[in-house]
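Only one structure is covered here, and it is reproduced in the block below.
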Amino acid sequence: MGVLVVGSVGLDSVRTPFGEVEEVLGGSATYFAVSAGYFTDVNMVAVVGEDFPSGHISFLKEKGINLDGLERSGGKTFRWRGEYGYQLNEARTIETRLNVFEQFRPKIPESYKNADLVFLANIDPELQLDVLHQVKGAKIIAADTMNFWIEGKREALMRTLKEVDILIINDGEARELAGEANLVKAAKTILSFGPDILIIKRGEYGALMFNEKAIFSAPAYPLENLFDPTGAGDCFAGGFIGYLASNMNLGEQSIRQGVILGSVMASFNVESFSLERLKSLDYKEIEQRYREIKRLTFFEDI
Ligand code: AMP
């Protein structure tokens, strides 16, 4: 039952044209877990340092996330500093401090071993592989990555991709991973690396789903108030994968519905810095925005 996620949990410092924050709760596993938690049971594997505020742990527990696999080790918590220009689609990384992640060896608790679905959030591909070797029973493996690893650990990443059923990355990462500027060609190349399903997130331009037979295009929800895109990709993955974990159906319609729910979750997250919007979000709001996207894209022949 449910999903196992391994990824980063950390403290982010972010500047956008609409404000800035220092050392707020962030990390790929954090955003993913909170978003997926609206749809399914979430079991988290990650590490934090001695300096990680206990209030953040309480928040994750309140959200119902199983933290048996969240290690607290000696040393400092992972930190990421980034900024965005008015074109909010791509973050510029100013600093990445892996800190406790440098020595981290994930240990999967017994209670997680029967998760049906594993999500390898953005983290060192060597750690992604390490987790895969420990969870043999998972029915679906999904993953994310970023330019930091595409450039720095390409060989390990290619080994991870061989084991992955669903890859969820953004357009810049897809182009870099495939070495190809055209997204349709890039998608074909990436599918040949291993995944059966590829999702390419395109920020305010929505998301594209590619499999062997079809392409599905989902819009992003048109927002008036947008503050910080950090975590949008992970919240997208959380909505998408959380939904798939709830029904374990990889049929075309289920995948399409999941992509829309991913867009819905990402759209809420960008309305605030850190996870502020998700703190107060309730399931009825998710359903309502889902219906709005449906209306937004509906058309009939005349
Ligand atoms: P995104 O959904 O792509 O905006 O992911 C943003 C999150 O990824 C931030 O909260 C960061 O803490 C985290 N992050 C940034 N760089 C890395 C990295 N190299 N490894 C793992 N997590 C990262």
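Numbering (my numbering), first residue to last: -16 to 285. Backbone N, C-alpha and C define an ideal beta-carbon position, used for all residues, glycine too. Since the model is a prediction, treat every value here as computed from it, not as a measurement.
The ligand AMP and residue i: does the residue's C-beta get closer than 6 Å to at least one heavy atom of that ligand?
i           : result
residue 106 : yes
residue -5  : yes
residue 179 : no
residue -9  : yes
residue 189 : no
residue 222 : no
residue 99  : no
residue 216 : yes
residue 11  : yes
residue 131 : yes
residue 143 : no
residue 172 : no
residue 60  : no
residue -1  : no
residue 213 : yes
Among the options, which one has its Cα closest to the Cα of residue i?
i           : options               : result
residue 116 : 128, 147 and 135      : 147
residue 83  : 35, 179, 209 and 119  : 35
residue 145 : 175, 98, 40 and 93    : 175
residue 240 : 201, 212, 216 and 207 : 201
residue 85  : 69, 109 and 223       : 109
residue 61  : 10, 18 and 102        : 10
residue 100 : 67, -16, 129 and 198  : -16
residue 227 : 263, 55 and 125       : 125
residue 127 : -8, -1, 15 and 25     : 15
residue 152 : 284, 265, 123 and 190 : 190
residue 132 : 157, 121 and 149      : 157
Count the other CB atoms, across all protein chains shown, that sit within 10 Å of the CB of residue i; report buried if there are 16 or more and exposed otherwise.
i           : result
residue 162 : exposed
residue 32  : buried
residue 274 : exposed
residue 182 : buried
residue 193 : buried
residue 47  : exposed
residue 167 : exposed
residue 13  : buried
residue 95  : buried
residue 268 : exposed
residue 164 : exposed
Give the C-beta separation of residue i and residue j to the nearest angstrom, bearing in mind that I take them to be a contact with Cβ-Cβ under 8 Å.
i           : j           : result
residue -14 : residue 98  : 6 Å
residue 51  : residue 89  : Contact doesn't hold; Cβ gap of about 12 Å is too wide.
residue 186 : residue 203 : 7 Å
residue 221 : residue 17  : 7 Å
| message | As an exercise, report each continuous beta strand (DSSP E) stretch of at least 3 residues that is fully enclosed by the stretch 106 to 182, in chain order. | response | With a minimum length of 3 residues, the continuous beta strand (DSSP E) runs that stay inside the stretch 106 to 182 are 123 to 126 and 149 to 153.
| Uninterrupted alpha helix (DSSP H) stretches inside the stretch 202 to 239 (no shorter than 4 residues) | 215 to 230
| field | Whole beta strand (DSSP E) elements within the stretch 233 to 275, 3-residue minimum | value | none
| field | Continuous beta strand (DSSP E) assignments of at least 3 residues falling wholly in the stretch 12 to 48 | value | 25 to 31
| said: As an exercise, report each continuous beta strand (DSSP E) stretch of at least 3 residues that is fully enclosed by the stretch 49 to 81, in chain order. | reply: 49 to 55, 61 to 66 and 75 to 80
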